[in-house]
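Following: one structure in structure tokens, then a few remarks.
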Amino acid sequence: MANTPDIENKPALTKQDPTQEGKASREPSPHDYNFIICVKAFDAFGLSSGFDAEYNVNVQDEHGMTALHHAAALGARPCIRILVNSGKCDYLIQDNKGRYASDLAIEWARDYAVGRLLTKHQLKQAYERGVPAWVPSGPARS
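Residue numbers (my numbering): 5 to 146.
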């Protein structure tokens, strides 16, 4: 991974997921962004090796997108398979535009099967946490 962008200058992200209240949170390390870099490079092997180091798979970039968001938008099925099978993904994270990873799989990658898979995981996770599966992201309609 010699041609990786400089990840040392990433802004510190302080977004807090309201469903994660009470859990210990830490400031993302520069290495947490390696998941996103591997997904953008379609590097499934590099992605799978990151789970051994206890990096945060749910770290968000400046657009609020996680590695799962990027994989879904790019249609990177091998990366999606690794992320989903890790059991560490938070399917309820929205990007800065209010989109879930399942939305991006359908909108950008046109991969309806992956969109359905991610939606099922999203529903299951929301049920387990006792929170709504979808949060309206647009302006309220009257």
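The beta carbon of each residue, even a glycine, is placed where N, CA and C say it ideally should be.
Range covered by the alpha helix (DSSP H) that runs through residue i
i    : result
Y104 : Note, Y104: premise wrong, no alpha helix (DSSP H); not H, not E.
Y116 : Y116 to R133
K52  : Position check: residue 52 holds Ser in this sequence, whereas Lys was assumed. Segment A48 to S53, the alpha helix (DSSP H) holding S52.
A57  : Unbroken run through A57: none, as it is neither H nor E.
H67  : First-last for H67: undefined, no H or E at that position.
K44  : N38 to K44
A76  : A71 to L78
C-beta contact flag for residue i and residue j at 9 Å
i    : j    : result
A45  : V61  : no
Y116 : A109 : yes
C83  : C42  : yes
H73  : A80  : no
I120 : L96  : Correcting the residue identity first, residue 120 is Arg in this sequence and not Ile. Going by C-beta atoms, R120 is not nearer than 9 Å to L96.
L78  : A113 : yes
H67  : D99  : yes
L122 : V88  : yes
Any C-beta of chain D under 9 Å from that of residue i
i    : result
A109 : Of the chains in the structure shown, none is chain D; there is only one protein chain.
Exposure of residue i, with buried meaning 16 or more beta-carbon neighbours within 10 Å
i    : result
Y37  : buried
G54  : buried
V3   : Only positions 5 to 146 of the chain appear in the structure, and residue 3 is not among them; the question remains open.
V118 : buried
A76  : buried
V139 : exposed
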